[in-house]
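A.B. asks:
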Amino acid sequence: MTALTDLNGTFALDPSHTRIGFVTRHAMVTKVRGSFDEFEGTASGNGQDASSASVNVTINAASFDSRNEQRDGHVKSADFLDVEKYPTITFASTNVAINGNDLVVTGDLTVKDVTRSISIPFEFTGAATDPFGNERIGFEGSTKISRKDFGLTWNAALETGGVLVSDDVTLELEISAIKQAA
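The sequence shown begins at 7 in the working numbering and counts up by one.
#1: Count the C-beta pairs between the segment 141-150 and the segment 56-67 that are closer than 8 Å, then say yes if the count reaches three, no if not.
#2: Over what stretch of residues does the alpha helix (DSSP H) that includes Asp-78 continue unbroken?
#3: Can you tell me whether Lys-154 is helix, strand or coil according to DSSP?
#4: Below 7 Å CB to CB, which residues in the same chain sit around Ala-2 once its five sequence neighbours on both sides are set aside?
#5: Distance, Cα to Cα, Thr-94 vs Thr-36?
#6: Would you kindly work out how many angstroms separate the C-alpha atoms of Phe-138 and Gly-132, rounded to a whole number?
#7: I'd like to confirm something about Glu-165: is its beta-carbon nearer than 7 Å to some heavy atom of the ligand SAH, or not?
#8: Would you call the segment 149-166 in contact with the segment 9-16, where contact means no fewer than 3 C-beta pairs closer than 8 Å?
#9: Under three-state DSSP, which class holds Asp-85?
#10: Mind checking Asp-170: buried by the 16 CB within 10 Å criterion, or exposed?
#11: If I follow the unbroken beta strand (DSSP E) through Val-63, where does it start and stop?
#12: Would you list the residues sitting across from Lys-185 in a DSSP beta bridge?
#13: Return no unless some Cβ of chain D is closer than 8 Å to the Cβ of Phe-145.
#14: Between Ala-3 and Ala-183, how many whole angstroms is the CB-CB distance? I'm expecting something under 8 Å.
#15: Excluding sequence positions up to five away, which residues of its chain have a Cβ less than 6 Å from the Cβ of Val-111?
Here's what the structure looks like:
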């Protein structure tokens, strides 16, 4: 298996093989899962020097999809993401640390013009040359964030106690990226 330290160059996210997803608790009893379907991003660096690495991702906030049109409309409204006023969600790395074949990417996540530093641990799932001659790399990672930290505070109290939408949101990332020509 290729080691992280062997990776060099710039890799672009492959949207058809990458998932930028989320999970949050609904009505205190079940989980709602979804994803953002439109995004672009790159990761670049010299595997021998983690300090040279950078990751940048831009997400189309209106591509929010939880497989429920009514819920999606509400989340895209001013109550949550306000996609008319804030059309993108961005992430820009500030540090990449390699530990064996795992890494932690720390950076600035911006949602609704609110920027917070988050760290995402990733497992390197491998590298391969696909049938079309593309050099691909894969990673899987997740982290929890507080939606309130980003100004996403809408909620509704439940008669039985608790709230409709949990504050905690787990970001789930399944990454496939293709090496770009030098």
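Where a beta carbon is used, it is the ideal one built from N, C-alpha and C, also for glycine.
C.D. replies: Let's see:
#1: Short answer: they don't touch.
#2: Run containing Asp-78: 75-82, per the alpha helix (DSSP H) assignment.
#3: Here Lys-154 carries a helix assignment [DSSP, helix/strand/coil].
#4: As shown, the chain starts at 7 and ends at 188. That puts residue 2 outside it, with no answer to give.
#5: Roughly 28 Å between the two C-alpha positions.
#6: Those two C-alpha atoms are separated by around 17 Å.
#7: The model depicted lacks the ligand SAH and carries no ligand whatsoever.
#8: With the cut-off at 8 Å, the segment 149-166 and the segment 9-16 do not touch.
#9: Note: Asp-85 maps to coil in three-state DSSP.
#10: Checking the sequence shown, residue 170 turns out to be Leu, not Asp. When all chains shown are included, Leu-170 counts as exposed.
#11: Residues 55-66.
#12: According to DSSP, residue pairing for Lys-185 in a beta bridge involves Phe-17.
#13: Looking at the structure shown, chain D is missing, and only one protein chain is on hand.
#14: The structure shown does not extend to residue 3, since the chain spans only 7 to 188, so no value can be given for it.
#15: Result list for Val-111: Val-61, Ser-99, Val-102 and Ile-126, in chain order.
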